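Read through the structure below, which is laid out as structure tokens, and then see the notes.
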Amino acid sequence: ATHYATKFSWGAQGRIGLTYNRAFGTPINLSPVFNWRWDFNGRTPSPFSNYQEDRKSISLGVNA
1 ATHYATKFSW GAQGRIGLTY NRAFGTPINL SPVFNWRWDF NGRTPSPFSN YQEDRKSISL
61 GVNA
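Everything in the sequence shown is counted per our numbering, starting at 1 for the first residue and increasing by one.
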């Protein structure tokens, strides 16, 4: 496997989030988020590294 940049790179990513106003009867608004990313094919040059072939990631979080 080579680590050089390719002529073309592509992938997909998504984000889903909800906002719960006054969550659990408190004055706090909670916003859970789910992020998903999959770099299908190709690699971008350093230092950018936006796409790295076959990289997959999922992240979960809560904003308050």
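For every residue, glycine included, the Cβ atom is placed at its ideal position computed from N, Cα and C.
Bear in mind the structure is a predicted one, so any value in this text is a computation, not a measurement.
Does A64 come out as helix, strand or coil in the three-state DSSP assignment?
Position 64 of the sequence shown, counted from the first residue, corresponds to residue 64. Three-state DSSP puts A64 in coil, outside helix and strand.
Cβ pair count under 8 Å reaching 3, the region 37 to 51 against the region 8 to 18
yes
Per DSSP, N41 forms a beta bridge with which residues?
Here residue 41 refers to the residue found at position 41 when the sequence shown is read from its first residue. According to DSSP, which records beta bridges pairwise, N41 is partnered with W10.
Got a sec? Which residues, its chain only, sit under 6 Å from G61 by beta carbon, not counting five neighbours each side?
Residue 61 sits at position 61 when you count from the first residue of the sequence shown. The residues are V33.
Could you pull out every residue in the same chain whose Cβ sits closer than 8 Å to the Cβ of N29, ignoring the five residues on either side in sequence?
Locating residue 29 in the sequence shown gives position 29, where the first residue counts as 1. Same-chain partners within the cutoff: T19, Y20, N21, R22, A23, A64.
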